[in-house]
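Asker:
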Amino acid sequence: MRSTRCCVTNWIVLGLLSIGIWACGEANDGDTTSTSGGTSDGATSGAGATATSGTGGTGGTGPGGTGPGGTGGSAAEGTSGSGGASTGQAGGSTAEGTSGSGGASTGQASSSAAGGGEAGGTGGGSGECVTGQTRGNQVAVIGESFIAATHGITQQIEKQAKANGSLAENERYIDNSVSGTTLANDQIPSQYRKAAENGMIKYVLMDGGGNDCLLRGDGDGALAAAESLFETMAEDNVEKVVYFFYPDPIGNQFASLKSCLDTLRPKMKALCDGLTSPKCYWLDLRPVWNGHNEYTQDGIHPTSAGSIATGDAVWEVMKENCVAQ
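Numbered according to mature numbering (1 follows the signal peptide of the UniProt record, and there is no 0), the sequence shown spans residues -23 to -1, 1 to 302.
(1) Check this for me: beta carbons of Gly196 and Gly186, under 8 Å apart or not?
(2) For Val294, which three-state DSSP category applies?
(3) For Thr240, I'd like the list of residues in its chain whose CB is within less than 7 Å of its CB, leaving aside the five on either flank, ordered along the chain.
(4) Roughly how many angstroms lie between the CA atoms of Tyr258 and Asn229, to the nearest whole one?
(5) Given a threshold of 16 other Cβ atoms within 10 Å of its Cβ, counted over all protein chains shown, does Cys190 qualify as buried or as exposed?
(6) Should the region 159 to 178 be called in touch with the region 106 to 122, which here means at least 3 C-beta pairs below 8 Å?
(7) Skipping 5 residues on each side, what residues in its chain have a beta carbon closer than 7 Å to that of Gly127?
(8) With Pro224 and Val265 assumed to form a contact (beta carbons below 8 Å), what rounded beta-carbon distance in angstroms separates them?
(9) Decide if Gly268 is buried, meaning its Cβ has at least 16 other Cβ atoms within 10 Å, or exposed.
(10) Would the beta-carbon of Met245 fall within 8 Å of that of Phe231?
(11) So who's on the other strand from Tyr220, going by DSSP bridges?
(12) How should Asp275 be labelled, buried or exposed, when 16 other C-beta atoms within 10 angstroms of its C-beta is the threshold for buried?
(13) Quick one: what's Ala117 bridged to in DSSP?
(14) Measuring alpha carbon to alpha carbon, tell me which residue in Asn188, Leu252, Met177 and Asp261 is nearest Arg242.
(15) Please determine, among Thr280, Val107, Ser167 and Gln132, the residue with the shortest C-alpha to C-alpha distance to Ser143.
(16) Does the separation of the CB atoms of Leu248 and Ala203 fall below 8 Å?
(17) In this structure, does DSSP put Thr273 in helix, strand or coil?
(18) Where does Lys209 fall in DSSP's three states?
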């Protein structure tokens, strides 16, 4: 009987001991659930050895504005959880944040300026003059003997245009200038119309009015003819005109010519300056020629040196105003 009670007692003790051991095991398991690295979404990991560093969250990639990255978790061991999603700047990807030693850190999303709209574009921008876009048959040269005597002025302009990449080596302008012609009586205007018959003229380089004064003493007739000519150019969608007006003639024999030119010059300049279609650029050749008697032999027509100086002056106006570039 005593033996039976001892056995029962022993079984009860063993049972209680087993229950206690089982309960301790369960408690221990609950305490040690998170012994590995941190959970995702920036959660704090369980107890354990402190890692030297944990990796922060990776910022997301996407269009739009710059946003902060996700918060990296405190890592007991291994790698912290992924950071929250962030929105990167257009064209750029965000950077990864790195957690601090053993602690929580915020992964900063970096903005990128690559691509996208912040970088300024080149080529074709507003106000930019692009070379090599003009064909020779889109440029008409009209006028009288100041140009036509040797055509040296046109040749010098073409030389500069080719050197600048504005005219192909095998191309030339349409030079219809003819000695002895006037603006009145439809002589110089007909030179323009002849050039326009073969295609669209975009640019016109011209003089005119010298023979109207020299042969006819009729500056007002030249002015009226120029007004009509510019109206025709506007109808034809000519874009720009360079009007280069004569230097002072040299010699007493040209006194009446000088007087007529002095009267006509400001009127013709005002006409040119007031045009918007086509746009007209005025060049007074007096400052170019003053002090250079070698530019003429007969007092009115240019020598080779005079043609080069005049052509260079015309070309400078063309460059400054994107004419036939």
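The beta-carbon is built from N, C-alpha and C at its ideal position, and this holds for glycine as well. Values in this document were obtained by computation on a predicted structure and should not be read as measured data.
Answerer: Inspection of the coordinates gives the following:
(1) Residue mapping note: residue 196 aligns to position 219 of the sequence shown, counting from 1. Residue mapping note: residue 186 aligns to position 209 of the sequence shown, counting from 1. In contact: Gly196 and Gly186 (Cβ atoms closer than 8 Å).
(2) To locate residue 294, count along the sequence shown from 1; it is residue 317. Here Val294 sits in helix by DSSP.
(3) Taking the first residue of the sequence shown as position 1, residue 240 is located at position 263. These residues qualify, in order along the chain: Gly196.
(4) In the sequence shown, the residue the question calls residue 258 occupies position 281. In the sequence shown, the residue the question calls residue 229 occupies position 252. Tyr258 and Asn229: Cα-Cα distance of roughly 31 Å.
(5) Your numbering for residue 190 matches position 213 in the sequence shown. It is buried - the Cβ of Cys190 has at least 16 other Cβ atoms within 10 Å.
(6) yes
(7) Counted from its first residue, the sequence shown places residue 127 at position 150. As written in the sequence, residue 127 is Thr, which differs from the Gly given in the question. Answer for Thr127: Ser284, listed in chain order.
(8) Position 247 of the sequence shown, counted from the start, is the residue given in the question as residue 224. Position 288 of the sequence shown, counted from the start, is the residue given in the question as residue 265. Indeed, because the Cβ distance is near 7 Å, the residues count as touching under 8 Å.
(9) Reading the sequence shown from its first residue, position 291 is the one you call residue 268. Burial call: exposed.
(10) What you label residue 245 is simply residue 268 of the sequence shown in a count that begins at 1. What you label residue 231 is simply residue 254 of the sequence shown in a count that begins at 1. Not in contact: Met245 and Phe231 (Cβ atoms no closer than 8 Å).
(11) Position 243 of the sequence shown, counting from 1, holds the residue named residue 220. Beta-bridge pairing links Tyr220 to Met183 and Trp259.
(12) For this step, residue 275 is matched to residue 298 along the sequence shown. Burial call: exposed.
(13) Locating residue 117 in the sequence shown gives position 140, counting from the first residue. Paired residues: Ile151 and Val181.
(14) One-based indexing of the sequence shown puts residue 242 at position 265. Nearest option by C-alpha distance: Asp261.
(15) Translated into positions along the sequence shown, residue 143 becomes position 166. Distances from the CA of Ser143 to each of Thr280, Val107, Ser167 and Gln132 were compared; the closest alpha carbon is that of Val107.
(16) To locate residue 248, count along the sequence shown from 1; it is residue 271. To locate residue 203, count along the sequence shown from 1; it is residue 226. It is a contact, given that the beta carbons lie within the stated cut-off.
(17) Taking the first residue of the sequence shown as 1, we reach residue 273 at position 296. Thr273 falls in the strand class under three-state DSSP.
(18) Stepping through the sequence shown from its first residue, residue 209 is reached at position 232. It is Thr, not Lys, that sits at residue 209 in the sequence shown. Note: Thr209 maps to helix in three-state DSSP.
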